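Colleague:
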Amino acid sequence: MSGSAHILFARTASKSISLSTHTRIHTDTHTHTHARALFIAITTARVHNSKTELLVSRQLDPVTAATMEQISYLGCAKIENPSNEVEILKIMQLLNKERSEKPIDVILFIPDSSSGIVRMCDGTTKSEMVSFPVHRIKFCARGQLDSAERECFALSFTQKNATPTDGALHQCHVFRCQVPETAGKALLNFANAFRNSGTKKVPSPKLYRTSQPSSADEDASSLEGAFSPGGEEDFQFDAFLEMREEDAKKGFTVCPQEKNCFKLRRDREKRVIVVLQQTHGRRVLTVRKCFGLLLGAGRNLRHNDMHLLDMQSMGQGNDSKTYIIEALWDPHLQNLEVLNTETPRETRVFMTIAADVILAGIDEPVRFNMECKARIFHEHERFWYVSRRPIVEKYFLTAGIVEEGMDSVNEADMKVVKFESVTERERSLSRLSLGRSPTKMPTQLIHPADEDESDSDEPLLSGSGVVNQECSDDVLSAWNKILLEWKTNPEGAVPEGLSDLIRNGVPDVLRGEVWQYLAKVQIDPDLTQTYRLLLGKECPSEQVILRDIHRTFPAHEYFKKAGGEGQESLYRISKAYSLYDEEVSYCQGLSFLAAALLLHMPEEQAFCTLVKIMFDYGLRDLFKLGLNVLHLRFYQLQRLTEDYVPDLFAHFYNLGVETHMYASQWFLTLFTAKFPLQMVYFIVDLFLSEGMNTIFHISLALLKASKKELLQLDFEGALKYFRVVLPRLYRTEANAKELIHKAVKLKISHKRLSKYEKEFYSLKERELESQDPLERMERENLQLKETVMRLERENDDLAHELVTSKIELRKNLDTAEDSVESLQGQLERCMRTAKDLEDENSGLRTEYDQVKEMCRREVLRLESEGSRSQGIITNYKEICSDLSYRLEKQQDSFKAQKSRIAGVVSNCEQCSTALAEFTEQVNGNPSKKLSSVEDGCGFKMIELMDKLEESEQRIRQLELSLAQTKLELVEAQCRNQDLSHQMNASITGDNDSSRHAAWLKKTISSIRDVGTSLKQPTHECSNSSVSVDKY
């Protein structure tokens, strides 16, 4: 916003404008407002809207404010669009730089009505330089306060209207004031000129407690008696205190106050404005100087407890009796921390504002102390329909004349004899009545809230109230029967008898399930999967959702804790819906309905039910851009009120209470934002069963039930009744059920509502037709310009997003290309490796085939060798068996022959002796030698022994031959096994070949040992035979 005066224009008309725009909670507000449109809005405002005008604008006197001096004219320039503030500010900046050294001093004469002429005269010669009618002015703007143009203001007007051949000529005049406040005063004088039509001069409304004189004679008469014969003079002053807070658009809005208690938001920069005005006294005590504005937490403070604020501006008002002081309050100051901390619901905090000034004729400073209360809220708190009037304090000053004998009293110097406010006087009298000292009063910081202030002045917190959980067995059985019938019907048709049960409310234990069946959530199961997918996406409305979460059902335990489970679930549902419904996105009011659903069902089912309510029940149409459907509902409710409650409709018409002032939240939140939970649940039961007409039924029932009280209230009282009193009437279940039953009994036909809808659109068409084509085109042009600006901003955002996305895509593409190159190299390496592996595989396959063929041939050979070895073994076995048989036979014959020889020899002593010696020698006792036998018996004996030895030798040879045959048999078997193992090793792998070879070597060595052991007896037999031969 360009300047404070421009802000004043907007705020002067804010009452009438906000009445038609606040119904859409999330409607976009534009920073720049067309000045002429604001002036027209001011002239058409109702009488009660004038109460909201700012203090400074109310004190203007158009007669005295018509001449503006100490102004320099910087020049004029042609402007293409006289309503474009940006272009005006550029021209202002350019001319201010060019004419910074040699401006032209002028006097500006501003008329007091819209039919007058603006004249600009030379400051020296007083000759007229230029003039133009007021109604030609298109736009008034002031330079930004934080720039070099803060002392400048500009006017754009139409110098020449458009012709068929030439276009319109628009000019922009730029002025610079020697005092910055003069720029704001000039624009305020233009505001007064547009406010007064010129047909009838209406004096500006004032905030004075005592009536002011309208002429010099009356002024003189009113001051008679102010001077007392005793040398003292009495004066009276009024001090007006107003506070403004920084808003979301970096402007400052007036803080609301009720009963001398400001409602402030923490962590917001504030401006403190104090206006001092003399209301009584023989002379005018002009404020010559202000030392500053002080602020302190508490009351009855010492000077050291006060903190000096940063001054923004100070100076005379529209006359010498008024002085305006404005200072900046930083909420983060350590000494004022208590004024930046949220106060409990039942507590208020005192604060004191003081202004030290020097009055003309009084040398010592005078301190104007103002004490008030404040309640500090959260930084995002929203206030509805609250008073924004300043706090007024009256002061009494008694001054004594120091120098006497002067010719005129006005020339005398004075000193302060007594100075006190009405509050201090009443407090002193109260303390005297209690027998206490009127001067020694303790410092007080905290003030408990009054009973009516904590219970009546504050609206009922959303989510409050006790919900009845009890239900009789008969009702539960009836509902269970309904649910069973519902479950068997896949299409979700409404069972019979449901309407009668819903009128008494759904049992709280079954409410979640019944709501889902009423909304037909079960026939669209894909919504659950959609909800899970939406949670993973980014939400552009995330900051707005996070800001509104803490204001949803703060009285309910489930949503009370910041960052708790309830708030997290509510955030996820709100985020998912804003992504699901891109046209509506997130709107304030949806969170209340979502919170009511969350208290009865899981998170995913709550989202599905919310989607069904918004789309199938037409609730989302109320939030669409333009709010046409919402205004239609307001008109229908207004006509129903006129038909069903005509006296209340007439009363509202006389007061200026319009339908949207009290019914906006009823439609947008289904009564969930302000009413107790028990009643909210009853209304949602009925809404899901009957549809949108339920809101009309409930609204009419509320109006009829409250008609008696509303007929006795004024404008502000009626709005406060809707905001505070009405929700508190239905905190009990009995009152809520009684209202529901009254609402159900009302007969509102669909035909009647259709008729009202046709009337609404007909009125819209006639309104468009009756409007001045030029004004309509200008308004449409303004709307189109705003649309173009919005689209340009969106285009800029999209272009920025496109550039950003292109850069990101380029970066991602480069990364992908590098990755592709790297992957291609890896692919080539892998392909080469695969080719090598394929070649190696083919070679191995060839070797495998060769080895397989070799193994096959070797197996065949081994099989043939095995069969041949088997035949040899069989032959060896036959030979061995034959040899064994022959050996046994020879052994038997040898034994028999030995027996015969022994029998024959036994008859001869010498032969017996020789036989015994031979036997001993055979048994291994060679020490004894056989005696020579010379006779015939001896030779016979030797012959027998030789034969016997030959027989034994043949036996040994047979045994040796048998042993060799067995050895060959074993070696053949070993070779057979070795071949078998080699065949198995070629199949199972080379890893076991060493183990098989070791086994084979071990087997062969064992066979060789056996062969050696078998050969040993043969050598012994040969040795024995040799020894026998020696004999």
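So the sequence shown is numbered by UniProt numbering: it starts at 1 and just counts up by one.
The beta-carbon is built from N, C-alpha and C at its ideal position, and this holds for glycine as well.
Quick caveat: nothing in here was measured; it's all calculated off a predicted structure.
Taking the beta strand (DSSP E) that A154 falls in, what are its first and last residues?
Modeller: As a working note, residue 154 is residue 154 in the sequence shown. Counting along the chain, the beta strand (DSSP E) containing A154 begins and ends at C152 to K160.
Colleague: For L295, which residues in the same chain have their Cβ closer than 6 Å to its Cβ, ignoring the five residues on either side in sequence?
Modeller: Translated into positions along the sequence shown, residue 295 becomes position 295. Cβ neighbours of L295 beyond the five flanking positions: H307, L309 and I353.
Colleague: Quick one: is Y854 buried, meaning 16 or more other Cβ sit within 10 Å of its Cβ, or exposed?
Modeller: The residue labelled residue 854 in the question sits at position 854 within the sequence shown. Reading off the sequence shown, one finds Met at residue 854, where the question assumed Tyr. That one is exposed.
Colleague: So, for L95: in the same chain, excluding its five sequence neighbours on each side, which residues have a beta-carbon less than 6 Å away from its beta-carbon?
Modeller: Along the sequence shown, read from residue 1 onward, the residue named residue 95 stands at position 95. Excluding sequence neighbours, L95 sits near L74, G75 and V174.
Colleague: Can you give me the C-alpha to C-alpha distance between S20 and H660, rounded to a whole angstrom?
Modeller: Residue 20 sits at position 20 when you count from the first residue of the sequence shown. Residue 660 sits at position 660 when you count from the first residue of the sequence shown. Since pLDDT at S20 reaches only 31, below the 50 mark, its modelled position is unreliable, and no value is offered.
Colleague: Could you work out which residue in P554, A519 and T488 is closest to S464 when comparing CA atoms only?
Modeller: Within the sequence shown, the letter at position 464 stands for residue 464. Closest by alpha carbon: P554.
Colleague: Between S819 and chain C, is the shortest Cβ-Cβ distance under 8 Å, so that the two count as touching?
Modeller: The chain labelled as chain C is not found in the depicted structure, where only one protein chain is given.
Colleague: Do the CB positions of Q236 and K394 come within less than 8 Å of each other?
Modeller: Taking the sequence shown and counting its residues from 1, the one referred to as residue 236 is at position 236. Taking the sequence shown and counting its residues from 1, the one referred to as residue 394 is at position 394. Contact: yes.
Colleague: Would you report the Cα separation of F262 and A374, rounded to the nearest angstrom?
Modeller: Taking the sequence shown and counting its residues from 1, the one referred to as residue 262 is at position 262. Taking the sequence shown and counting its residues from 1, the one referred to as residue 374 is at position 374. Using only the alpha carbons, I get a separation of about 5 Å.
Colleague: Is the beta carbon of V724 within less than 7 Å of some heavy atom of the ligand ADP?
Modeller: You won't find the ligand ADP in this model; it holds no ligand whatsoever.
Colleague: Which word fits H800, buried or exposed, when buried means at least 16 other C-beta atoms lie within 10 angstroms of its C-beta?
Modeller: Position 800 of the sequence shown, counting from 1, holds the residue named residue 800. Exposed: under 16 other Cβ atoms inside 10 Å.
Colleague: Identify whether V744 lies in helix, strand or coil by the three-state DSSP scheme.
Modeller: Working through the sequence shown from its first residue, we reach residue 744 at position 744. In the structure shown, V744 sits in a helix (DSSP, three-state: H, G or I).
Colleague: In angstroms with no decimal places, state the Cα-to-Cα distance between A606 and I613.
Modeller: Numbered from 1 along the sequence shown, position 606 holds the residue referred to as residue 606. Numbered from 1 along the sequence shown, position 613 holds the residue referred to as residue 613. If you take the alpha carbons of A606 and I613, they lie about 11 Å apart.
Colleague: Can you tell me which of the three DSSP states residue 1034 falls into?
Modeller: Not covered by the structure: residue 1034. The range shown for the chain is 1 to 1031.
Colleague: Measure from the alpha carbon of K97 to the alpha carbon of each residue in V130, A168 and R176, then state which is nearest.
Modeller: Here residue 97 corresponds to residue number 97 of the sequence shown, with the count starting at 1. K97 has its Cα closest to that of R176, out of V130, A168 and R176.
Colleague: Please report the residue range of the beta strand (DSSP E) in which S587 lies.
Modeller: As a first step, residue 587 is located in the sequence shown; it is residue number 587 there, counting from the start. This sequence places Cys at residue 587; Ser is not what is there. Neither: C587 is in no beta strand (DSSP E) and is coded neither H nor E.
Colleague: Is the segment 971-983 touching the segment 863-870, taking contact as three or more C-beta pairs under 8 Å?
Modeller: Yes: at least three Cβ pairs fall under 8 Å.
Colleague: What is the residue span of the beta strand (DSSP E) that P133 lies within?
Modeller: Mapped onto the sequence shown, residue 133 falls at position 133. It spans E128 to P133 - the beta strand (DSSP E) in which P133 sits, taken as one unbroken run.
Colleague: Please name the residue in S754, G656 and L729 whose C-alpha comes closest to that of E716.
Modeller: Stepping through the sequence shown from its first residue, residue 716 is reached at position 716. Here the closest residue by C-alpha is G656.
Colleague: Compare the Cα-Cα distances from Q567 to each of T552, S578 and L579 and report the closest residue.
Modeller: For the purposes of this step, residue 567 is identified with residue 567 of the sequence shown, where counting begins at 1. It is T552 whose Cα lies nearest to the Cα of Q567.
Colleague: Measuring CA to CA, which of R832, L711, S664 and A743 is closest to F682?
Modeller: Here residue 682 is taken as the residue at index 682 of the sequence shown, counted from 1. Cα-wise, what sits closest to F682 is A743.
Colleague: Is Y681 helix, strand or coil when you go by DSSP?
Modeller: Within the sequence shown, the letter at position 681 stands for residue 681. Correct three-state label for Y681: helix.
Colleague: Distance, Cα to Cα, residue 1035 vs V366?
Modeller: The requested residue 1035 does not occur in the structure, where the chain is confined to residues 1 to 1031.
Colleague: Applying the criterion that 16 or more other CB atoms from any shown protein chain within 10 Å of the CB defines a buried residue, is P727 buried or exposed?
Modeller: Within the sequence shown, the letter at position 727 stands for residue 727. P727 comes out buried.
Colleague: Excluding five sequence neighbours on each side, which residues of the same chain lie with their C-beta closer than 6 Å to the C-beta of A162?
Modeller: Numbered from its first residue, the sequence shown carries residue 162 at position 162. Taken in chain order, the residues that qualify are A168.
Colleague: What are the start and end residues of the beta strand (DSSP E) that includes M351?
Modeller: Here residue 351 corresponds to residue number 351 of the sequence shown, with the count starting at 1. M351 -> beta strand (DSSP E) spans T347 to L359.
Colleague: Does DSSP put M983 in a helix, in a strand, or in coil?
Modeller: If you number the sequence shown from 1, residue 983 lands on position 983. Looking at M983 - three-state DSSP - the assignment turns out to be helix.
Colleague: Give me, in chain order, the residues of the same chain whose beta-carbon lies closer than 7 Å to that of L969; leave out the 5 immediate sequence neighbours on both sides.
Modeller: Counting from one through the sequence shown, the residue named residue 969 turns up at place 969. Excluding sequence neighbours, L969 sits near I873 and Y876.
Colleague: Applying the criterion that 16 or more other CB atoms from any shown protein chain within 10 Å of the CB defines a buried residue, is D685 buried or exposed?
Modeller: The residue labelled residue 685 in the question sits at position 685 within the sequence shown. Classification for D685: buried.
Colleague: By the three-class DSSP mapping on this structure, what secondary structure does T694 have?
Modeller: As a position in the sequence shown, residue 694 is number 694, starting the count at 1. Helix, per DSSP.
Colleague: Return the Cβ separation of F252 and R271 in integer angstroms, given the expectation that the two are a contact with Cβ distance under 8 Å.
Modeller: For this step, residue 252 is matched to residue 252 along the sequence shown. For this step, residue 271 is matched to residue 271 along the sequence shown. Yes, F252 and R271 are in contact; Cβ-Cβ is about 5 Å, under 8 Å.
Colleague: With which residues is D122 paired in a DSSP beta bridge?
Modeller: In the sequence shown, counting from the first residue as 1, residue 122 sits at position 122. Per DSSP, V106.
Colleague: Give me, in chain order, the residues of the same chain whose beta-carbon lies closer than 6 Å to that of P344; leave out the 5 immediate sequence neighbours on both sides.
Modeller: Stepping through the sequence shown from its first residue, residue 344 is reached at position 344. For P344, where only same-chain residues beyond five positions count, there are no Cβ hits under 6 Å.
Colleague: Work out the CA separation of Y662 and I324 for me, nearest whole Å.
Modeller: Within the sequence shown, numbered from 1, the residue matching residue 324 stands at position 324. Within the sequence shown, numbered from 1, the residue matching residue 662 stands at position 662. I324 and Y662: Cα-Cα distance of roughly 37 Å.
Colleague: What residue range is occupied by the uninterrupted alpha helix (DSSP H) comprising N96?
Modeller: Walking along the sequence shown from the start, residue 96 turns up at place 96. Here the alpha helix (DSSP H) through N96 covers E85 to E98.
Colleague: If I110 and N189 are in contact, beta carbons under 8 Å, what's the gap, nearest whole angstrom?
Modeller: As a first step, residue 110 is located in the sequence shown; it is residue number 110 there, counting from the start. As a first step, residue 189 is located in the sequence shown; it is residue number 189 there, counting from the start. Right, their Cβ atoms sit about 4 Å apart.
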